[in-house]
Amino acid sequence: MYLPDFDYYAPPDLSEACRLLREFGSRAKILAGGTDLLHKMKHEEFTPEVIISLKNLSALREIRSEPGQDLLIGALATQNEIANSSLLQEKYRSISEAAWNMANNQIRHMGTIGGNIVNAVPSADLPPILIVLGARITLVSTEGERTVPLEEFFLGVHKTVIRDDEILTQVIVPAQTTTGSTYIRFGLRKSGALAIAGVAVAVTMEGEICRSARIVLAAAAPLPLRARQAEQVIVGQRVTPGLLEQAGLAAAQESRPRSSIRGSTEYRRDLIRVLTRRALHKAIQKEHI
Amino acid sequence: MAEVLTDSGQRKYHLINLNVNGDTRTLAVKANALLVNVLRDQLDLTGTKKGCELGDCGSCTVLIDGKPVNSCLVLAVEAEGHEITTIEGVSHNDKLDGLQESFLENAAVQCGYCTPGMILAGKALLTHNPHPSEKEVREAISGNLCRCTGYVNIVKAILAVAEKTAPEEGEQA
Ligand SMILES: Cc1cc2nc3c(=O)[nH]c(=O)nc-3n(C[C@H](O)[C@H](O)[C@H](O)COP(=O)(O)OP(=O)(O)OC[C@H]3O[C@@H](n4cnc5c(N)ncnc54)[C@H](O)[C@@H]3O)c2cc1C
Ligand code: FES
Ligand code: FES
Chain A
40 MYLPDFDYYA PPDLSEACRL LREFGSRAKI LAGGTDLLHK MKHEEFTPEV
90 IISLKNLSAL REIRSEPGQD LLIGALATQN EIANSSLLQE KYRSISEAAW
140 NMANNQIRHM GTIGGNIVNA VPSADLPPIL IVLGARITLV STEGERTVPL
190 EEFFLGVHKT VIRDDEILTQ VIVPAQTTTG STYIRFGLRK SGALAIAGVA
240 VAVTMEGEIC RSARIVLAAA APLPLRARQA EQVIVGQRVT PGLLEQAGLA
290 AAQESRPRSS IRGSTEYRRD LIRVLTRRAL HKAIQKEHI
Chain B
21 MAEVLTDSGQ RKYHLINLNV NGDTRTLAVK ANALLVNVLR DQLDLTGTKK
71 GCELGDCGSC TVLIDGKPVN SCLVLAVEAE GHEITTIEGV SHNDKLDGLQ
121 ESFLENAAVQ CGYCTPGMIL AGKALLTHNP HPSEKEVREA ISGNLCRCTG
171 YVNIVKAILA VAEKTAPEEG EQA
């Protein structure tokens, strides 16, 4: 399998990358790990005239915490770097676990968090857990930079608010008031299979009472779907097994999964019911795992 | 950035230095040349196989800076400045590496198509974790499909090498 022709640039720094992107606009594509982009180019789903590689921008690989308690994940951090980061394992195991459970070992060494977000497919594993934790992203262009809540980034399959001239540089995970979070996904195999359904949950518990809950579903709609009905079922309530089942049913009802070779709409809905219940149970019992 | 040459047909070639198995090779490649094809077709390193060409099967696995990646999803121009190890770089002076011997001893090879990728995935694991558990071995080869062996003997072969090397201080055998 071969790739269509294109011109290739590997700018030395971010400002040159932005300048090139400005020059070529919609004719160019950014290359990070390439696991989505080259895949699509082999099928001629995308045929960019120009590829701008971020390979020299090593500053965008860093994972660090800020004095203000925000945690910053560079857009080029790979899935395995996120899975193995001691900082993330300590503070947000739920994020490193989500990265660890996706794709396969080789792909995890190549695929980046930035690519997983900008690619914008419903089965992507990192956006749901980042959204429930209130993550924001930084988008940079020659015009300057802006910060967007990740929840407002997605518009549909392959559709986001990113402009043709913008580069995603980092993901910001704010200091939490939530007490627990987790992401559970189900694929047909443990390795190398996309999620047929996934559920991310973050809750704030006060004793047995759930003070706040955020639930986001993967592979349940054209974009990561906030399950607001399910959230309403448990917020302000004393948590019981029956209540978690009700929340699962609500999430299943408000989900809009499509039928595909990997799973029918009905099957995915039932998975969402079960996974929502399990994810809530886990986040309520434990911490950010 | 690497020098770009243009031929009479206006095709552009990037002049790159690829560090493969310890040797630096200077090559002119088109931007769209995939690492797997450059290794096989330009450098005659045909030990690296092509199966799915989409990142699913792992038969094209090479190590880049010691990490296993799928060379069917890497541009050759992207690999410049990194150390690439292919299956040809695992044995030294015509003598098989311990892991390769172990694959033979444990009958971990049938048709052999997945073997180069399996061995490189195994090498990468053993280099940073010389005494892995069975679970860690299975996770390390999770990106490598084998249609013949059922994996049992492959896992055995990797674990057998781990057993032969003495555990480091403080490490559980
Ligand atoms: C075999 C296989 C299994 C997979 N399994 C999973 C899985 O289980 N779960 C999952 O979620 N995904 C999976 N994927 C998809 C993919 O690996 C991930 O989405 C990965 O994180 C993409 O990152 P990348 O760096 O490779 O992106 P690239 O392919 O480099 O880029 C993807 C898109 O994002 C754009 N882009 C990338 N970085 C930036 C940036 N910083 N700024 C602006 N635009 C940018 C590119 O232009 C391109 O359009 C799998 C892929 C393969 C091939
Ligand atoms: S040929 Fe590269 S992963 Fe299958
Ligand atoms: S030995 Fe035939 S594919 Fe593994």
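Taken in order, these protein sequences are the chains called A and B.
When you line the first sequence up against this note's numbering, it's residues 40 to 328, in that order.
When you line the second sequence up against this note's numbering, it's residues 21 to 193, in that order.
Heads up, the beta-carbon is just placed ideally off N, CA and C, and yes, glycines get one too.
This one's a predicted model, so the numbers in the text were calculated from it and none came from an experiment.
Nearest to A159/A (by Cα), restricted to the options R301/A, A257/A, P296/A:
Comparing Cα positions, the closest option is A257/A.
Collapsed DSSP secondary structure at A258/A in the structure displayed:
A258/A carries a coil assignment under DSSP once its states are collapsed to helix, strand and coil.
State the Cα-Cα distance for the pair E98/B and S251/A, rounded to the nearest angstrom.
Between the alpha carbons of E98/B and S251/A lies a gap of roughly 45 Å.
Start and end of the beta strand (DSSP E) containing T243/A?
Residues 236-245.
How long is the line joining the alpha carbons of T105/B and L63/B, rounded to whole angstroms?
The alpha-carbon atoms of T105/B and L63/B are separated by roughly 13 Å.
List the whole-angstrom C-beta distance separating R132/A from H320/A, where the pair is believed to meet the contact cut-off of C-beta under 8 Å.
The Cβ separation is near 16 Å, so there is no contact.
By how many angstroms is the C-alpha of H197/A removed from the C-alpha of I206/A?
Their backbone Cα atoms lie some 16 Å apart in a straight line.
Inter-stretch contact (C-beta, 8 Å, three-pair minimum) for the region 76-88 of chain B and the region 137-144 of chain B:
Under the Cβ criterion (8 Å, minimum of three pairs), the region 76-88 of chain B counts as touching the region 137-144 of chain B.
Is Q209/A helix, strand or coil by DSSP?
The answer is strand: DSSP assigns Q209/A an E or B state.
Where do the ends of the alpha helix (DSSP H) carrying N39/B lie?
Counting along the chain, no alpha helix (DSSP H) covers N39/B; the unbroken beta strand (DSSP E) around it starts and ends at 32-40.
Comparing alpha-carbon positions, which option in D204/A, I201/A, G246/A, I211/A lies nearest K325/A?
Taking only the C-alpha atoms, the option nearest K325/A is G246/A.
Using CA coordinates, which residue listed in Q215/A, C57/A, L96/A is at the minimum distance from Q108/A?
For Q108/A, the nearest C-alpha among the options comes from Q215/A.
Would you mind telling me which residues of chain A sit closer than 8 Å to T81/B, beta carbon to beta carbon, in chain order?
Neighbours of T81/B on chain A, chain order: Q145.
Are any of the Cβ atoms in chain A nearer than 8 Å to that of V110/B?
Not closer than 8 Å to any Cβ of chain A, the Cβ of V110/B fails to qualify, so no.
Going by DSSP in three states, G170/B sits in which element: helix, strand or coil?
It is coil, neither helix nor strand.
Do we get a CB-CB distance below 8 Å when we pair T74/A with the residues of chain B?
Cβ-Cβ to chain B under 8 Å: yes for T74/A.
Backbone secondary structure at C72/B - three-state DSSP
Reduced to three states, the DSSP call for C72/B is coil.
Would you report the Cα separation of H34/B and G113/A, rounded to the nearest angstrom?
About 29 Å.
List in chain order: all unbroken beta strand (DSSP E) runs of 3+ residues lying wholly within the region 119-202 of chain A.
DSSP runs (the beta strand (DSSP E)) wholly in the region 119-202 of chain A: 175-180, 183-188, 193-195.
Please say whether L179/B and E159/B have beta carbons closer to each other than 8 Å?
Result no, Cβ atoms of E159/B and L179/B do not sit closer than 8 Å.
Could you check whether I254/A and E270/A sit closer than 8 Å to each other, using their CB atoms as the reference points?
In contact: E270/A and I254/A (Cβ atoms closer than 8 Å).
Of all the CB atoms in chain B, is at least one closer than 8 Å to the CB of H78/A?
Judged by the 8 Å Cβ criterion, H78/A is in contact with chain B.
With 8 Å as the threshold, decide whether the Cβ of S162/B is near any Cβ in chain A.
Interface residue, yes.
If you drop the 5 nearest sequence neighbours on each side, which residues of the same chain put their C-beta closer than 7 Å to that of D85/B?
The answer, listed in chain order, is H102, E103.
So what does DSSP say about Y47/A, is it helix, strand or coil?
Y47/A carries a strand assignment under DSSP once its states are collapsed to helix, strand and coil.
Can you pull the chain B residues whose beta carbon is under 9 Å from the beta carbon of F45/A, in chain order?
What F45/A touches in chain B, judged by beta-carbon distance under 9 Å, is A51, N52, going in chain order.
How would you call G29/B, buried or exposed, if buried means at least 16 neighbouring beta carbons within 10 angstroms?
Result: exposed.
Per-residue contacts from V148/A into chain B (C-beta, under 7 Å):
Residue identity differs from the one stated: residue 148/A is His in this sequence, not Val. Against chain B, a Cβ distance below 7 Å from H148/A picks out K87, P88, V89.
At a cut-off of 7 Å, is V56/B close to ligand 1 when judged by its beta-carbon and the heavy atoms of the ligand?
Checking every heavy atom of ligand 1 against the Cβ of V56/B, none is found closer than 7 Å.
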